[in-house]
Every structure is written in C-alpha cells, then in structure tokens.
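Just so you know, the protein sequences line up as chains L and V, in that order. Number 114 in our numbering belongs to position 56 of the first sequence; there are no gaps in the numbering. Number 167 in our numbering belongs to position 109 of the second sequence; there are no gaps in the numbering. The beta carbon of each residue, even a glycine, is placed where N, CA and C say it ideally should be. These notes are about the structure you will find just below.
2 protein chains.
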Amino acid sequence: MKTAKELEQFILDNIPLSRAMSLQVSGFTLQPPSLTLTCPLTPNSNDKGTGFAGSIVSCATLAGWGLTSLLAAHNNIDATVVIASSNIDYLKPITDDFQVVATLAAEESVERFNQGLDSKGKSRLKVHINVMQGEILAASQFGLYAAREKRG
Amino acid sequence: MKTAKELEQFILDNIPLSRAMSLQVSGFTLQPPSLTLTCPLTPNSNDKGTGFAGSIVSCATLAGWGLTSLLAAHNNIDATVVIASSNIDYLKPITDDFQVVATLAAEESVERFNQGLDSKGKSRLKVHINVMQGEILAASQFGLYAAREKRG
Numbered sequence: 059m060k061t062a063k064e065l066e067q068f069i070l071d072n073i074p075l076s077r078a079m080s081l082q083v084s085g086f087t088l089q090p091p092s093l094t095l096t097c098p099l100t101p102n103s104n105d106k107g108t109g110f111a112g113s114i115v116s117c118a119t120l121a122g123w124g125l126t127s128l129l130a131a132h133n134n135i136d137a138t139v140v141i142a143s144s145n146i147d148y149l150k151p152i153t154d155d156f157q158v159v160a161t162l163a164a165e166e167s168v169e170r171f172n173q174g175l176d177s178k179g180k181s182r183l184k185v186h187i188n189v190m191q192g193e194i195l196a197a198s199q200f201g202l203y204a205a206r207e208k209r210g
Numbered sequence: 059m060k061t062a063k064e065l066e067q068f069i070l071d072n073i074p075l076s077r078a079m080s081l082q083v084s085g086f087t088l089q090p091p092s093l094t095l096t097c098p099l100t101p102n103s104n105d106k107g108t109g110f111a112g113s114i115v116s117c118a119t120l121a122g123w124g125l126t127s128l129l130a131a132h133n134n135i136d137a138t139v140v141i142a143s144s145n146i147d148y149l150k151p152i153t154d155d156f157q158v159v160a161t162l163a164a165e166e167s168v169e170r171f172n173q174g175l176d177s178k179g180k181s182r183l184k185v186h187i188n189v190m191q192g193e194i195l196a197a198s199q200f201g202l203y204a205a206r207e208k209r210g
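Given below as structure tokens:
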C-alpha cells in the first residue's frame, strides 16, 4: 500500500465508518510528507447544518494514521499503525466540503521515524493535521501514532 | 430535550454519522451529571477488527456535547452547544461493544456552568469522557464545550 488510491481502497474496504463519511484520499506526497483526505459536508453535518465535530476529528485521526502507514510502507516495512493520543482545536464552523491535510509536526523527521523502525522494529510519529474549508483553517489537530513492524 | 430518549432521537434525526455508528443514548442522570452512550463494535471497527479510533473519538465528542446540552436544558435555557477543544488518550484496543460515559471534569460544577448561562447567556463546561469496554478503560478524553443561549 504505497499510493493514495491504494490507501483509499484499503480504508473503504476495512473501516465501515469511512464509507458513511464518503471519505476520499485526494493526495499524497512523500517529499515533503503530506496526505490529504476530502469529505463532503452532507453525510458529515450536524444539527446546525455545519460540519459535525465527530466527523472532523474522525477524519483528522484517519489522516494521521494514513500518513504514518504510507511512510512505513515507503520505508519497505509492513507495519501495524495505531494512534496513541491526540488533541484538537476547533476554530471555525465548516459550511461546505472540507479537506484534511496531515504533515509531520515541526519537530519530526522521516529519518528519525525510519531509524526506529529499522533498528527496533517500532517507532512513533507526531503528525500535524489541518482541517481546511478552502483557504479557511477550521480545526487543527496533533496526533501521536505508533508503528510496529509485523512479525512474520 | 431533557431525557436520554429525547436526546437520542435528536441526535439520530440530525447527525447522519450517528446512524452509521448505530449510536444509542443509554443513560442520563442529572445528579451527579452523567451521560452514557453505547456503540456496537461492528459498524465502528477498523482494519484490525478492533474499535476504530475515529468512531471512539467521535462518540466521546458527542457524549460531552450531549451532557452539556442536557445540563443547559435542565437549567431551562435553550442553548446552542459547540465543542472548542479536546484531547484523548487511547489506552487499550476495543474488542467488543463499548460504552462512552461523560461526567464533569473534577474542577467543574453545574452551579458555575449555570451561573454563566444565567448571568451572561453563555458558559463553558469541561467534560471528562471515559470509553469503557465493560470494566476496561479503553480511552479517556477531556473536552471543552461552549454553550450560548439562543436569542429569540
């Protein structure tokens, strides 16, 4: 699983809620590391007709997981990735379809992440996730993800 | 909207993702303030067959919103409630249906929350949400919610 398309298929096949969210993996770059998911508003709306916080945080959580998984795969390591913790600030109500962009936290590097996987078979990655409606920053999340090499 | 049943109906009618999660409002007490939601595992599972972090955090986020909304309603104030921020620690994988229990954070009181609503028409509430699989604490979230009286 190394491309946006493969990741999208894996998510839709294995996480039922992602289908209910009509989630799409809309972009991935390895250099710099960045993963973008897209969600339509309608299935992710709340009682006020704006973006449901649960959908926003769920999509952000998945974006960080996806980025961590793709980075491990591009280091040629078949890893299990889980989230350890996260925090999110909701900044603006969302009134249309939204994008969720995961990048490395400022203090992180792919080299450090890969080094842990290569030497110990496990590593952690702090991911910064921005939830955008067009140019508007609607929410900002930091998530800590743990990757562990699968043992044959 | 003052009972668990009314809250459940409101959520299911107005938040499409809650239906995909098969979410139930399974308990509410005013004294001490506590709201319990229940989610089945199957629609909320991930690629590992355990609880999807996105479902867990989404359900926890909704539990705090529900508790804050019910407290405002029991203070006879028709309020709009939104989440401002939250942080969550994922402690154990979930392997079965789970309960999400929202209570006041240790430093909070209903009196303080009501006072803000009564005097300024707005108030904030910090909610502690435990995600339980039976007796096992699987995740722990703190959420900060803002309530504002609707203006006729």
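>> Quick check on the burial criterion: 16 or more other C-beta atoms within 10 angstroms. Buried or exposed for V/P90?
In response: What you label residue 90 of chain V is simply residue 32 of the second sequence in a count that begins at 1. V/P90 should be labelled exposed.
> Closest to V/E166 by CA distance: which of V/S92, V/E193, V/K106 and V/S177 is it?
Replying inline: Walking along the second sequence from the start, residue 166 of chain V turns up at place 108. Nearest of V/S92, V/E193, V/K106 and V/S177 to V/E166, Cα basis: V/S92.
> Is DSSP giving V/G201 helix, strand or coil here?
Replying inline: Residue mapping note: residue 201 of chain V aligns to position 143 of the second sequence, counting from 1. Strand.
> Straight-line CA distance for L/A204 to V/L120?
Replying inline: Here residue 204 of chain L refers to the residue found at position 146 of the first sequence. Here residue 120 of chain V refers to the residue found at position 62 of the second sequence. Using only the alpha carbons, I get a separation of about 26 Å.
> So what does DSSP say about L/T94, is it helix, strand or coil?
Replying inline: Walking along the first sequence from the start, residue 94 of chain L turns up at place 36. Correct three-state label for L/T94: strand.
> Opposite L/I146 in the DSSP bridges: which residues?
Replying inline: Here residue 146 of chain L refers to the residue found at position 88 of the first sequence. Under DSSP, L/I146 shares a beta bridge with L/Q199 and V/S144.
> How about L/V115: is its C-beta nearer than 8 Å to some C-beta of chain V?
Replying inline: In the first sequence, residue 115 of chain L corresponds to position 57, counting from 1. L/V115 counts as touching chain V.
>> Any C-beta of chain V within less than 8 Å: which residues of the stretch 120–145 of chain L qualify?
In response: L120, W123, T138, V140, I141, A142, S143, S144 and N145
> What is the rounded straight-line gap between the Cα of V/A160 and the Cα of L/S76?
Replying inline: By 1-based counting over the second sequence, the position of residue 160 of chain V is 102. By 1-based counting over the first sequence, the position of residue 76 of chain L is 18. Spanning the two alpha carbons is a distance of roughly 25 Å.
> According to DSSP, is L/N188 helix, strand or coil?
Replying inline: Taking the first sequence and counting its residues from 1, the one referred to as residue 188 of chain L is at position 130. In the structure shown, L/N188 sits in a strand (DSSP, three-state: E or B).
> Expressed to the nearest angstrom, what Euclidean distance is found between the alpha-carbon atoms of V/S177 and V/L162?
Replying inline: In the second sequence, residue 177 of chain V corresponds to position 119, counting from 1. In the second sequence, residue 162 of chain V corresponds to position 104, counting from 1. Taking the straight line from one Cα to the other gives about 21 Å.
> What residues in its chain sit with their C-beta under 7 Å from that of L/T87, if we drop five residues either side in the sequence?
Replying inline: Taking the first sequence and counting its residues from 1, the one referred to as residue 87 of chain L is at position 29. Closer than 7 Å at Cβ, skipping near neighbours: no residue.
> Are the beta-carbon atoms belonging to V/P98 and V/D155 less than 8 Å from one another?
Replying inline: Locating residue 98 of chain V in the second sequence gives position 40, where the first residue counts as 1. Locating residue 155 of chain V in the second sequence gives position 97, where the first residue counts as 1. Against a cut-off of 8 Å, the Cβ pair of V/D155 and V/P98 comes out as a contact.
> Listed in chain order, which residues of the stretch 101–112 of chain L have Cβ atoms closer than 8 Å to some Cβ of chain V?
Replying inline: Within the stretch 101–112 of chain L, the qualifying residues are P101, N102, S103, N104, D105, K106, F110, A111 and G112.
>> Which same chain residues end up closer than 7 Å to V/T108 when comparing Cβ atoms and leaving out the 5 residues on each side of it in sequence?
In response: Here the question's residue 108 of chain V lines up with position 50 in the second sequence. Excluding residues within five positions, the ones whose Cβ falls inside 7 Å are P151, I152 and T153.
> Between L/Y148, L/F171 and L/F200, which lies nearest to L/G179 when the distance is taken from Cα to Cα?
Replying inline: Translated into the one-based positions of the first sequence, residue 179 of chain L becomes position 121. It is L/F171 whose Cα lies nearest to the Cα of L/G179.
> In whole angstroms, what separates the C-alpha of L/E207 from that of V/S127?
Replying inline: Translated into the one-based positions of the first sequence, residue 207 of chain L becomes position 149. Translated into the one-based positions of the second sequence, residue 127 of chain V becomes position 69. If I take the Cα positions, the gap works out to 44 Å.
>> For V/V189 and L/V115, which I take to be in contact (beta-carbon distance under 8 Å), what is that distance rounded to the nearest angstrom?
In response: Here residue 189 of chain V refers to the residue found at position 131 of the second sequence. Here residue 115 of chain L refers to the residue found at position 57 of the first sequence. About 14 Å separates the two Cβ atoms, so there is no contact after all.
> What is the residue span of the beta strand (DSSP E) that L/S167 lies within?
Replying inline: What you label residue 167 of chain L is simply residue 109 of the first sequence in a count that begins at 1. Boundaries for L/S167: no beta strand (DSSP E) harbours it, and the DSSP string shows neither H nor E there.
> Which one of L/T61, L/I73 and L/S80 has the shortest CA to CA distance from V/P74?
Replying inline: If you number the second sequence from 1, residue 74 of chain V lands on position 16. Ranking the options by Cα distance to V/P74, first place goes to L/S80.
>> Quick check on the DSSP output: the beta strand (DSSP E) that includes L/S76 runs from which residue to which?
In response: Counting from 1 along the first sequence, the entry for residue 76 of chain L is found at position 18. Note, L/S76: premise wrong, no beta strand (DSSP E); alpha helix (DSSP H) at P74 to A78.
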